Amino acid sequence: MKIMNLYELALLLRTKLKMAKWPFNRYGFPVFPREVILEEPPTLIEPIQRIRCCKKPNENLLSSFSDDLFIKRRLQRIFEEINLYGLFKGFGGFDLSPRIRWPFQQQKFNIWLSQLATAFVALSGQKIIPNFRIGNLQTLFALESYPKNIPYVVGTLGCSKKMRPLHEFIFKTKLLIARPSHLTIYGPLRKEYERLMLEQGVEYNVVTDFRTRSYALSAQRRKK
3 MKIMNLYELA
13 LLLRTKLKMA
23 KWPFNRYGFP
33 VFPREVILEE
43 PPTLIEPIQR
53 IRCCKKPNEN
63 LLSSFSDDLF
73 IKRRLQRIFE
83 EINLYGLFKG
93 FGGFDLSPRI
103 RWPFQQQKFN
113 IWLSQLATAF
123 VALSGQKIIP
133 NFRIGNLQTL
143 FALESYPKNI
153 PYVVGTLGCS
163 KKMRPLHEFI
173 FKTKLLIARP
183 SHLTIYGPLR
193 KEYERLMLEQ
203 GVEYNVVTDF
213 RTRSYALSAQ
223 RRKK
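Here the working numbering runs 2 ahead of the position in the sequence shown, where the first position is 1.
Next up, the structure:
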């Protein structure tokens, strides 16, 4: 079943979660109990557009650090593809963009839909490592959906080369509110992120993104 309208999809996911007695918080966002969280940080991450062609899904965390076009395709097919998520080591959550310059309601909806769909994947039995992304400071409440002292994944692909003070402030605020036990960085490690994580005593690891990893493997094959 493919659902084109994302608002219709959000309402349907909410209904299914409510029927399954999934907990919700005061903001109407799903709450993620600690037992659905994957506590082991990943060392391999596969982008969501490769959900059907990953060679070793049981060794990879599936992530949606991808273009919104790919994320929307997976969201629209979530009911027919739900069993595919269970093949992976875990799921890094949906990450439909909540860009900080967008209207607040659009940011809020995208985060809400992402969390609803992620909770639906968790309801199917898959373990979750939440992604650390929010929109502007008004959306910080979205982090209340998760327990304290758990791992998160952070995508740095597509970020501007120079980090603005606002982005740095938001990242630091997220660290203080969420109090993550560990951060997995997918993509290049920004020096600002590294400094803030060291200041806050947050452990982290860096996972090379799929494209860079693929290019490196291709280069190795050509040398042989």
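The beta-carbon is built from N, C-alpha and C at its ideal position, and this holds for glycine as well.
Remember, it's a predicted structure, so these values are computed and weren't measured experimentally.
Please classify Val38: does DSSP put it in a helix, a strand, or coil? What you label residue 38 is simply residue 36 of the sequence shown in a count that begins at 1. Three-state result, Val38: helix.
Ends of the beta strand (DSSP E) at Asn85? One-based indexing of the sequence shown puts residue 85 at position 83. Taken as a continuous stretch (DSSP letters only), Asn85 belongs to no beta strand (DSSP E), being part of the alpha helix (DSSP H) at Ile80 to Tyr87.
Look up Thr158 in the DSSP assignment and say whether it is helix, strand or coil. Start at 1 with the first residue of the sequence shown, and residue 158 comes out as number 156. Correct three-state label for Thr158: coil.
Under the rule that 16 or more other beta-carbon atoms within 10 Å means buried, what is Gln202, buried or exposed? Numbered from its first residue, the sequence shown carries residue 202 at position 200. By the 10 Å Cβ count, Gln202 comes out exposed.
Where does Asn60 sit, in a helix, a strand or coil, going by DSSP? Walking along the sequence shown from the start, residue 60 turns up at place 58. Three-state DSSP puts Asn60 in a helix.
Classify Gln107 as buried or exposed, calling it buried when 16 or more other Cβ atoms lie within 10 Å of its own Cβ. The residue labelled residue 107 in the question sits at position 105 within the sequence shown. Counting Cβ neighbours within 10 Å, Gln107 comes out exposed, since fewer than 16 surround it.
Are the CB atoms of Ile179 and Leu145 within a distance shorter than 7 Å? Mapped onto the sequence shown, residue 145 falls at position 143. Mapped onto the sequence shown, residue 179 falls at position 177. Contact: yes.
For a quick check, are the C-beta atoms of Asn85 and Pro100 less than 7 Å apart? As a first step, residue 85 is located in the sequence shown; it is residue number 83 there, counting from the start. As a first step, residue 100 is located in the sequence shown; it is residue number 98 there, counting from the start. No, the pair does not count as a contact, with Cβ atoms beyond the cut-off.
Am I right that Arg197 and Thr158 are in contact with their C-beta atoms under 8 Å? What's the rounded C-beta distance? The residue you call residue 197 lines up with position 195 of the sequence shown. The residue you call residue 158 lines up with position 156 of the sequence shown. At roughly 14 Å, the Cβ-Cβ gap does not stay under 8 Å, so Arg197 and Thr158 are not in contact.
Option nearest Lys4 by Cα separation, candidates Arg79, Leu89, Asn62 and Tyr29: Taking the sequence shown and counting its residues from 1, the one referred to as residue 4 is at position 2. Checked all of Arg79, Leu89, Asn62 and Tyr29; the closest Cα to Lys4 is Arg79.
Report buried or exposed for Pro32, applying the criterion of at least 16 other Cβ atoms within 10 angstroms of its Cβ. Taking the first residue of the sequence shown as position 1, residue 32 is located at position 30. Looking at its Cβ environment, which holds 16 or more other Cβ atoms inside 10 Å, Pro32 is buried.
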